[in-house]
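Q: Each position in the sequence shown, counted from 1, maps to that position plus 97 in the numbering used here.
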Amino acid sequence: MMQGLYLFYRTPVKWNFIPRHILPPLIANTLIGTVLYTTYIATLPLFHPASHFQLHRPFPPPPYSSVFMAGCLAGAAQSIIATPLDSLKVRFEVSDLLEGKHTSMYQFAKSTLKELGIASAYRGFTLTLIRDSLACGLFFATFEWMKQQGYYYFLDEMYGVQVDSENTLNEIEKGWNEVHKMSDEDQHQIVCASGKKAERPPLMLEPLFVILAGATAAVAYQTIEHPLSKIHSIFYIEEGQSEFTNKSSREPVNQLYRRTWEQCKTQVKLNGGSWRRFLYQEFASTVIRVVPATSVGFLVFELVKREVDFRSIDFDSL
Numbered sequence: 098m099m100q101g102l103y104l105f106y107r108t109p110v111k112w113n114f115i116p117r118h119i120l121p122p123l124i125a126n127t128l129i130g131t132v133l134y135t136t137y138i139a140t141l142p143l144f145h146p147a148s149h150f151q152l153h154r155p156f157p158p159p160p161y162s163s164v165f166m167a168g169c170l171a172g173a174a175q176s177i178i179a180t181p182l183d184s185l186k187v188r189f190e191v192s193d194l195l196e197g198k199h200t201s202m203y204q205f206a207k208s209t210l211k212e213l214g215i216a217s218a219y220r221g222f223t224l225t226l227i228r229d230s231l232a233c234g235l236f237f238a239t240f241e242w243m244k245q246q247g248y249y250y251f252l253d254e255m256y257g258v259q260v261d262s263e264n265t266l267n268e269i270e271k272g273w274n275e276v277h278k279m280s281d282e283d284q285h286q287i288v289c290a291s292g293k294k295a296e297r298p299p300l301m302l303e304p305l306f307v308i309l310a311g312a313t314a315a316v317a318y319q320t321i322e323h324p325l326s327k328i329h330s331i332f333y334i335e336e337g338q339s340e341f342t343n344k345s346s347r348e349p350v351n352q353l354y355r356r357t358w359e360q361c362k363t364q365v366k367l368n369g370g371s372w373r374r375f376l377y378q379e380f381a382s383t384v385i386r387v388v389p390a391t392s393v394g395f396l397v398f399e400l401v402k403r404e405v406d407f408r409s410i411d412f413d414s415l
């Protein structure tokens, strides 16, 4: 983003700046996110059939392992798209655009991919696959567990609400308009399937738990993504040095991995022999930066899933 702003103020003709330099990376990020979340929604019912009938809050809630497997598959699908885009990103130079070498980001991507070839664009795919599949598996599993099992446990402990049936869950899910149309007694209590009466939780509690679940998932995601991305960055540095010294031929990937491993061990020595210190440098600042956006993103994601569920229910009732 900072590179884009820098280019904006250095480019004389600004009317075509957005479609040439801003839209391509936005479209690429949108594509990656679409593949990730669509694959997750499509594969979760394979491991938890109840999720096929309701996206927002299936009952019973999916176990941690089922969500983790669906998240891993989603991350693997994402890595297929992300790997060549990562190869483009590490080769991007602002100076090339300023000097007119590339008229747009699209032209840069086209010429670079043509120069690299498909095989070279996917160098480092194994690292990307491991990083994205594990990180996304932990990401979605942590989010769903906090959003559902954690939320239900909190309701039971604080309000005495036992989510023991789909009817109880639907009662909790009722919105502002439905609750305000109830009698005064029903506005403040819920009758569980077991016949037990409990205090109705505040309507804002669920979205707050979604935001909390998103924040927790972001931290869990970074525990995998942050260290593996650091190793991945070293791989790209080694690849760049190899391309610079061997312009006529490309070094085998296994040799690049071996040199990456040696460079990682060197960095560990520079950090007092601590792998944790090397891999998790600047971890806190990264988490602080990504948590707000992830929390809001998951809140929007849940609102969309709820709307899809409600439309499906209305359609089936016709």
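Even glycine gets a Cβ: it sits at the ideal position worked out from N, Cα and C.
Return the first residue and the last residue of the alpha helix (DSSP H) that Glu340 is part of.
A: Segment Leu302 to Thr342, the alpha helix (DSSP H) holding Glu340.
Q: Helix, strand or coil for Gln378 per DSSP?
A: DSSP places Gln378 in coil when its eight states are reduced to three.
Q: Identify whether Glu359 lies in helix, strand or coil by the three-state DSSP scheme.
A: In the structure shown, Glu359 sits in a helix (DSSP, three-state: H, G or I).
Q: From Phe306 to Ile334, what distance separates their C-alpha atoms?
A: The straight-line gap from Cα to Cα measures roughly 41 Å.
Q: Run through DSSP, which three-state label would Phe398 get?
A: Looking at Phe398 - three-state DSSP - the assignment turns out to be helix.
Q: Report all residues from its chain with a CB closer than 7 Å to the CB of Gly257; omit the five preceding and five following residues, and keep chain order.
A: Hits under 7 Å: Ala295 and Glu296.
Q: Any idea what DSSP makes of Lys294, helix, strand or coil?
A: Residue state, collapsed to three classes: strand.
Q: Beta-carbon within less than 6 Å of Tyr249's beta-carbon, same chain only, minus the 5 sequence neighbours each way: which residues are those?
A: Around Tyr249: Val260.
Q: In chain order, which continuous runs of the alpha helix (DSSP H) of length 4 or greater are located wholly inside the stretch 154 to 234?
A: For the stretch 154 to 234, whole alpha helix (DSSP H) runs of length 4 or above, ordered along the chain, are 161 to 188, 191 to 195, 202 to 213 and 215 to 218.
Q: Is Gln364 helix, strand or coil when you go by DSSP?
A: The answer is helix: DSSP assigns Gln364 an H, G or I state.
Q: Assuming Ala447 is part of the alpha helix (DSSP H), what are its boundary residues?
A: Because residue 447 is not part of the residues shown, which for the chain are 98 to 415, the question remains open.
Q: Compute the Euclidean distance between the alpha carbons of Ser346 and Glu340, then round it to the nearest angstrom.
A: Spanning the two alpha carbons is a distance of roughly 8 Å.
Q: Note the first and the last residue of the continuous alpha helix (DSSP H) segment covering Glu263.
A: Unbroken alpha helix (DSSP H) run through Glu263: Glu263 to Ile269.
Q: Leaving out five residues on either side along the sequence, give the residues of the same chain with a beta carbon under 6 Å from the beta carbon of Ala147.
A: Correct list, in chain order: Pro155.
Q: Can you name the start and end residues of the alpha helix (DSSP H) that Met255 belongs to?
A: Start and end: Tyr248 to Tyr256.
Q: Name the residue from Val365, Glu336, Leu353 and Ser382 whose alpha carbon lies nearest to the alpha carbon of Ala315.
A: The candidate whose alpha carbon is nearest that of Ala315 is Ser382.
Q: Helix, strand or coil: which one does DSSP assign to Gln245?
A: Here Gln245 sits in helix by DSSP.
Q: For Asn351, which of Phe236, Gln378, Pro324 and Arg220 has the nearest alpha-carbon?
A: Nearest of Phe236, Gln378, Pro324 and Arg220 to Asn351, Cα basis: Arg220.
Q: Beta-carbon separation of Leu353 and Phe332 under 8 Å?
A: Cβ distance < 8 Å, so Leu353 and Phe332 count as in contact.
Q: In or out: Glu404 buried (at least 16 other Cβ within 10 Å) or exposed?
A: By the 10 Å Cβ count, Glu404 comes out exposed.
Q: Do Phe375 and Gln364 come within 8 Å of each other at the CB atom, strictly closer than that value?
A: Yes. Within cutoff.
Q: Would you mind sorting Lys207 into buried or exposed? The rule is 16 or more other CB atoms within 10 Å of its CB.
A: Looking at its Cβ environment, which holds fewer than 16 other Cβ atoms inside 10 Å, Lys207 is exposed.
Q: From Glu268 to Gln286, what does the alpha carbon distance come to, in whole angstroms?
A: Their backbone Cα atoms lie some 10 Å apart in a straight line.
Q: Count the other CB atoms within 10 Å of the CB of Gln319; is the residue buried (16 or more) or exposed (fewer)?
A: By the neighbour-count rule (16 or more Cβ atoms within 10 Å), Gln319 is buried.
Q: Is it true that the stretch 154 to 168 meets the stretch 112 to 132, where meeting means three or more beta-carbon pairs spaced less than 8 Å apart?
A: No, the stretch 154 to 168 does not touch the stretch 112 to 132.
Q: According to DSSP, which residues form a beta bridge with Gln286?
A: Answer by DSSP bridge pairing, in chain order: Glu296.
Q: I need the DSSP call for Gly130, collapsed to helix, strand or coil.
A: Reduced to three states, the DSSP call for Gly130 is helix.
Q: If you draw a straight line from the C-alpha of His149 to the C-alpha of Glu212, how long is it?
A: Near 44 Å, if we compare the C-alpha coordinates of Glu212 and His149.
Q: If I measure Cβ to Cβ from Ser192 and keep anything under 7 Å in the same chain, skipping five residues before and after, which residues do I get?
A: Per-residue confidence for Ser192 stands at a pLDDT of 49, beneath the threshold of 50, marking its modelled position as unreliable; the derived number appears in the next sentence. Hits under 7 Å: none found.
Q: Looking at Ser176 and Ser230, is the spacing between their C-beta atoms short of 8 Å?
A: Yes, Cβ-Cβ distance for Ser230 and Ser176 is below 8 Å.
Q: On the criterion of 16 or more Cβ atoms from any shown chain inside 10 Å, does Pro159 qualify as buried, or is it exposed?
A: Buried is the call here.
Q: Please say whether Leu185 and Thr223 have beta carbons closer to each other than 8 Å?
A: No. Outside cutoff.
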